[in-house]
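Step one of this worksheet: look at the structure below.
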Amino acid sequence: MINQLGNYSLIFGFIISAILIILTLFSIKVKKTNLEKNIFYLISTQFFFVTFSFVILIYSFIVSDFSNEVVYNHSHTTKPLFYKIAGSWGNHEGSLLLWLLVLTLFILLFYLNSKKLSGNYKTITVLFQEIIICGFYLFIILTSNPFNFLYPTPNEGLGLNPILQDPALAIHPPILYLGYVGTSIIFSSSLSALITKNVNSTWALDIKKWILTSWIFLTIGILIGSIWAYYELGWGGFWFWDPVENVSLMPWLCLTALIHTISVLEKRSILKSWTLILSISTFSLSMSGTFLVRSGILNSVHTFANDPSRGLFILVFLFILLITSITIFFVFSEKENSSINKTYLLSKETAILFNNWFMMFFLSVVFIGTIYPIFLEAITNDKISIGPPFYNKILSPFLVPFLIFMSIGPNLRWIKSKLEKIDTKQIIIFAISVVASLSIIKISNANILFTLFLIFASIYLLLTTTVDLFKKNLKLPQKVSHLAFSIFILSILLNGIFAKEISYNMKVGDEVKFLDNIIKFKSLNSSNEKNYKKLIGEFELTNKQASQFFYPEIRVYNQPNIVTSEAYIKTGIFSDNFIVINLIKDDGYFNVRYQIKPFMIWIWISVSILALGGLISFYTKKYE
2 MINQLGNYSL IFGFIISAIL IILTLFSIKV KKTNLEKNIF YLISTQFFFV
52 TFSFVILIYS FIVSDFSNEV VYNHSHTTKP LFYKIAGSWG NHEGSLLLWL
102 LVLTLFILLF YLNSKKLSGN YKTITVLFQE IIICGFYLFI ILTSNPFNFL
152 YPTPNEGLGL NPILQDPALA IHPPILYLGY VGTSIIFSSS LSALITKNVN
202 STWALDIKKW ILTSWIFLTI GILIGSIWAY YELGWGGFWF WDPVENVSLM
252 PWLCLTALIH TISVLEKRSI LKSWTLILSI STFSLSMSGT FLVRSGILNS
302 VHTFANDPSR GLFILVFLFI LLITSITIFF VFSEKENSSI NKTYLLSKET
352 AILFNNWFMM FFLSVVFIGT IYPIFLEAIT NDKISIGPPF YNKILSPFLV
402 PFLIFMSIGP NLRWIKSKLE KIDTKQIIIF AISVVASLSI IKISNANILF
452 TLFLIFASIY LLLTTTVDLF KKNLKLPQKV SHLAFSIFIL SILLNGIFAK
502 EISYNMKVGD EVKFLDNIIK FKSLNSSNEK NYKKLIGEFE LTNKQASQFF
552 YPEIRVYNQP NIVTSEAYIK TGIFSDNFIV INLIKDDGYF NVRYQIKPFM
602 IWIWISVSIL ALGGLISFYT KKYE
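Under my numbering, the sequence shown has 269 at position 268, and the numbering climbs by one with no breaks.
This is the structure in structure tokens:
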């Protein structure tokens, strides 16, 4: 009965969405402002029905209602309560309902914060957003209903994938979805601004908060996912160019470019086409990426759904939206006045434009590397995997000029800058960067000339952004974000240069020497938890300074019957020590992998500060 209420609630919500589409079209045609109150009531009611459906789904997971097919497929009575709740969105159907919930929440928030906006602009934005919402309703009700009845009711469920039973991954999807879905408002408002001829600095200031909202949530979501992969999958790394990682990176790159472009539009009312194209592209990438993953079309260790036919349904819907948006762009876009809005080579806006081109190149490479294997398999039935070597070799050379432009750009003036005498500070920064990069190369024994240039560019950016902190002509968000990015890039480089690893098959009592360390497998203990059995290895790491103990785990889950490895990590200011063990069929032997991972904590800290920079931007009304 309770599942039927959830289903009926979805149907009522769909009806309201359809009414909203009709009502907004009528409101635009007759230009009656008195309909706005009715629109608001309907939007609020729609949000209530979707929320009610989602609450029912969560309740079904909590009480282990296995008459619900989704609960049966993704839960178990022995599963802890927290993961029962997280299981409601840790599946295809539940994740789509979460998408819909966030969509209805964002259009409600948009309407509540749009009292000062022109009526037609607001109404058309609602129209486009409701078209998206209506499409999601149809997709969920017809192909991915989370309230399908299962008869006879099983006594026990199949359980949630153990890899998903982790606090980080439990909160990772909702945060990521807030970033993805936020791009729908950007998309809808951009089309509305085009039609109503409102693509100007006032609109830029209004839409900027939605761009920042999406970017912040997407940044935090990617960060949490990277941290989870680092300790849970046993990779000992934060990014492996996995297809699922890539589909979150692409809209992030687009949003980052859009933040800079919207700032130019806000300041000088130029780069309108850039802004609109990036707005459309960001939403398209967010939507297509999510459903490529959820459909199982992309092969990935992160993929926990496999039904390409349902993914194709939404891709057709996306194609229709994309064609519509492109048509609107070409029909309603206006040619910018080049004489009034002239740009000079040596200016802040030109530097922003150059770096945006670099980001579009990065995005294109990631897009090709992610999508090409899909097309190849569809045409030839051959499966290939494109990994880190491809991305690193193509992207790395372009990072050098990108970082240099990032260093120079903030200190240029709007409209036109003049070549002035080189500041003494800049000479000192350049000299320190050269000495520091040469020293790092010498210490690491890296003999690749390009590595030297890349380290130099990253150190130069770090020192430049550090000096910029004390300048009054730059806004705080820009200072914080650029400094964080410089720390991020340098930490990645140093991590790649100085990381060390050993893999060895060991049994209790064995020891192995690695660099100045002796690793001893001292003991193996076991214990039973509620829904799994764990084997705990005790390792002693000894060197000249001291001894450290590590306790990596192997977990054997009851339902489903899956074995996972839990890494044990000792985090330091400058380096992590990482040990993970895996079962080997040979009697008594375990595969032990020990890694030294420099500057990992600075990668996490820098991304956190990067998100903080976006948050600070909410309190900065004008881009200086």
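From the three backbone atoms N, C-alpha and C, an ideal C-beta is built for every residue, glycine too.
Y112 is the residue among I490, K501, Y112 and F137 whose C-alpha sits nearest the C-alpha of T126. As for any beta strand (DSSP E) of minimum length 3 sitting wholly inside the segment 461 to 544, the runs are 501 to 507, 512 to 515, 518 to 529 and 533 to 543, ordered along the chain. Y138 is positioned such that its CB atom lies no closer than 8 Å to that of G7.
Contact annotation: the segment 209 to 219 touches the segment 177 to 197, with at least three C-beta pairs closer than 8 Å. Counting only residues of its own chain and dropping the five nearest sequence neighbours on each side, L58 has a CB closer than 7 Å to the CB of G7, S89, G95, L98 and P147. Straight-line measurement puts the Cα of I223 at about 11 Å from the Cα of L170.
Shown here, F591 sits in a strand according to DSSP, grouped into three states. Distance between P175 and L219, taken at the CA atoms: about 10 Å. Taking the C-beta atoms as reference points, Y558 is found nearer than 8 Å to Y533. By a beta-carbon distance limit of 8 Å, T124 contacts T25. Their separation comes to about 5 Å.
A Cβ-Cβ contact shorter than 8 Å links L279 with L259. Following the DSSP letters along the chain, one finds S576 inside the beta strand (DSSP E) bounded by residues S576 to L584. The Cβ neighbour count for D243, taken over all protein chains shown within 10 Å, is at least 16; the residue is labelled buried. Rounded to the nearest whole angstrom, the CA to CA distance from F27 to L109 is 20 Å. From the listed residues D424, G497, K514 and L404, the smallest Cα separation to I460 is found for L404. When secondary structure is reduced to three states using DSSP, E350 falls in the helix class. Under the criterion of beta carbons closer than 8 Å, S566 and F499 do not qualify as touching, at roughly 25 Å. Take S68, set aside five residues on each side of it, and the residues of its chain with a beta-carbon closer than 8 Å to its own are N4, F150, L151, Y152 and T154, in chain order. Between the C-alpha atoms of L455 and S492 there is a straight-line separation of about 12 Å. Here the alpha carbon of S227 sits roughly 35 Å from the alpha carbon of K268.
One alpha carbon belongs to N199, the other to R556, and they sit about 57 Å apart. According to DSSP, residue pairing for Y112 in a beta bridge does not occur. Per DSSP, reduced to three states, the secondary structure at R414 is coil, with no helix or strand assignment.
Contact check for P402 against H483 fails: the beta carbons are separated by 8 Å or more. In the DSSP annotation of this structure, the continuous segment of the alpha helix (DSSP H) that includes F140 starts and ends at G120 to T144.
The Cβ-Cβ distance between L165 and K80 does not fall below 8 Å. Measuring C-alpha to C-alpha distances from V56 to each of S10, T381 and I449 identifies S10 as the nearest. Less than 8 Å divides the Cβ of N578 from the Cβ of Q549. By the beta-carbon neighbour count (other beta carbons within 10 angstroms, threshold 16), S504 is exposed. The beta carbons of T465 and K480 sit no closer together than 8 Å.
Pairing I580 with P553 gives a Cβ-Cβ distance under 8 Å.
With respect to the C-alpha of E246, the residue from I327, H173 and N357 having the closest C-alpha is H173.
Apart from sequence neighbours up to five positions away, the residues of its chain that approach N583 with a beta-carbon distance below 6 Å are S566 and N592, ordered along the chain. I597 sits in a strand when the DSSP states are folded into three classes. A residue is called buried when at least 16 other Cβ atoms come within 10 angstroms of its Cβ; A379 does not meet this threshold and is exposed. For L346 and A437, the gap between their C-alpha atoms comes out near 31 Å.
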